[in-house]
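Participant: Here it is, the structure in full.
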Amino acid sequence: MADYHDDLRLAHVLADSADSITMERFKALDLRVETKPDLTPVSDADKAAEELVRSVLQRARPRDAVMGEEFGLQGTGPRRWVIDPIDGTKNYIRGVPVWATLIALLEVGPGGEERPVVGIVSAPALNRRWWAADGLGAYAGRSLAKASRIHVSGVSRLEDASFSYSSLSGWEERGRLDALLDLTRACWRTRAYGDFWSYMMLAEGAVDIAAEPELSLWDMAAPAVIVQEAGGRFTGLDGVPGPGGADAVASNGLLHEDALRLLSV
Numbered sequence: 046m047a048d049y050h051d052d053l054r055l056a057h058v059l060a061d062s063a064d065s066i067t068m069e070r071f072k073a074l075d076l077r078v079e080t081k082p083d084l085t086p087v088s089d090a091d092k093a094a095e096e097l098v099r100s101v102l103q104r105a106r107p108r109d110a111v112m113g114e115e116f117g118l119q120g121t122g123p124r125r126w127v128i129d130p131i132d133g134t135k136n137y138i139r140g141v142p143v144w145a146t147l148i149a150l151l152e153v154g155p156g157g158e159e160r161p162v163v164g165i166v167s168a169p170a171l172n173r174r175w176w177a178a179d180g181l182g183a184y185a186g187r188s189l190a191k192a193s194r195i196h197v198s199g200v201s202r203l204e205d206a207s208f209s210y211s212s213l214s215g216w217e218e219r220g221r222l223d224a225l226l227d228l229t230r231a232c233w234r235t236r237a238y239g240d241f242w243s244y245m246m247l248a249e250g251a252v253d254i255a256a257e258p259e260l261s262l263w264d265m266a267a268p269a270v271i272v273q274e275a276g277g278r279f280t281g282l283d284g285v286p287g288p289g290g291a292d293a294v295a296s297n298g299l300l301h302e303d304a305l306r307l308l309s310v
């Protein structure tokens, strides 16, 4: 089994670098916000954080490829770092503290498949951080030295489950709103925590199912490895494992097939 300890330590350095920028610009009166071609917002903090992470990677891992939400893909090879400088930019620009930097390392396996092997989610405004590496488990804390191992819940019935989802509009636009509502009715409790927050609470065992209808690789790569190393499952709505699709369903594993059955209608 590959040893990802050094990559995990580097991921923390990258997250520390991003946190220094995002926290300095959070709630700044002169924060600059633009609208991207896909009509989503981007701030100067998004761009600066990604640029800094890329510069650190260029020095520390010059042979690895890098892909980020704001500046695309650079380099080629069997290892690729994937960056979302601020997951939850709309929260960030409104002063809501629920946002995070997502960093993952993807590696091509023996069968030619690419999979996330290291992931870190850093939410400095919440004073929280989560991370995992293939075969090493999932953890939450402020640093490698100050961490607790996390694990998904043991809830096995939908009627006892807590389900977290994203905004209703995305489900409605894709013709899946009725399916989403069917799952909410079947569950004990539902909340729209959204973005990274849903998956991290799932990995900690506070939420049992999470799902989103429209995502990119940088949204999913880090949460996927954390959920899986915490004992859960992470697939697309089609049931294909991993973060390679355009949507996601995550669960504690025990409820996954029931969730897919309702959401895939």
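When you number the sequence shown by my numbering, it's gap-free, plus one each residue, and the end is 310. The beta-carbon is built from N, C-alpha and C at its ideal position, and this holds for glycine as well.
1. Alpha carbons only, please: which of E95, P155, N172 and A185 is nearest the one belonging to R194?
2. Can you tell me the Cα-Cα spacing of G133 and P142, whole angstroms?
3. With a floor of 4 residues, list each alpha helix (DSSP H) that falls wholly inside the region 238-280, ordered by position along the chain.
4. With DSSP collapsed to three states, give me the class of A183.
5. Tell me the DSSP bridge mates of S193?
6. Could you check which residue in E79, Y49, L97 and V58 has the C-alpha nearest to that of I66?
7. Is G215 close to chain B, meaning its C-beta is less than 8 Å from at least one C-beta of that chain?
8. Any idea what DSSP makes of W216, helix, strand or coil?
9. Considering L147, what are the terminal residues of the beta strand (DSSP E) in which it resides?
10. In the DSSP assignment, find the unbroken beta strand (DSSP E) run with V127 in it and report its ends.
11. Less than 8 Å between the beta carbons of A56 and V153, yes or no?
12. Would you mind listing the alpha helix (DSSP H) stretches within the region 66-130 that are 4+ residues and don't spill past its ends, in chain order?
13. Could you pull the start and end residues of the alpha helix (DSSP H) that E302 belongs to?
Facilitator: Put simply:
1. The residue given as residue 194 occupies position 149 in the sequence shown. Among E95, P155, N172 and A185, the Cα nearest to that of R194 is on A185.
2. As a first step, residue 133 is located in the sequence shown; it is residue number 88 there, counting from the start. As a first step, residue 142 is located in the sequence shown; it is residue number 97 there, counting from the start. Going from the Cα of G133 to the Cα of P142 covers about 9 Å.
3. 240-249 and 262-274
4. In the sequence shown, residue 183 corresponds to position 138, counting from 1. A183: strand per DSSP, three-state reduction.
5. Locating residue 193 in the sequence shown gives position 148, where the first residue counts as 1. In the DSSP output, where bridge partners are listed per residue, S193 has A185.
6. Locating residue 66 in the sequence shown gives position 21, counting from the first residue. Nearest of E79, Y49, L97 and V58 to I66, Cα basis: L97.
7. Within the model displayed, chain B is absent; a lone protein chain is all it includes.
8. In the sequence shown, counting from the first residue as 1, residue 216 sits at position 171. Three-state result, W216: helix.
9. As a first step, residue 147 must be located in the sequence shown, where it is residue number 102. First-last of the beta strand (DSSP E) with L147: A145 to V153.
10. For the purposes of this step, residue 127 is taken as residue 82 along the sequence shown, with counting starting at 1. Run containing V127: R124 to D132, per the beta strand (DSSP E) assignment.
11. On the sequence shown, residue 56 is found 11 positions in, with the first residue counted as 1. On the sequence shown, residue 153 is found 108 positions in, with the first residue counted as 1. Result no, Cβ atoms of A56 and V153 do not sit closer than 8 Å.
12. 89-105
13. Residue numbering aside, residue 302 sits at position 257 when the sequence shown is read from its first letter. Where E302 is concerned, the enclosing alpha helix (DSSP H) stretches over H301 to L308.
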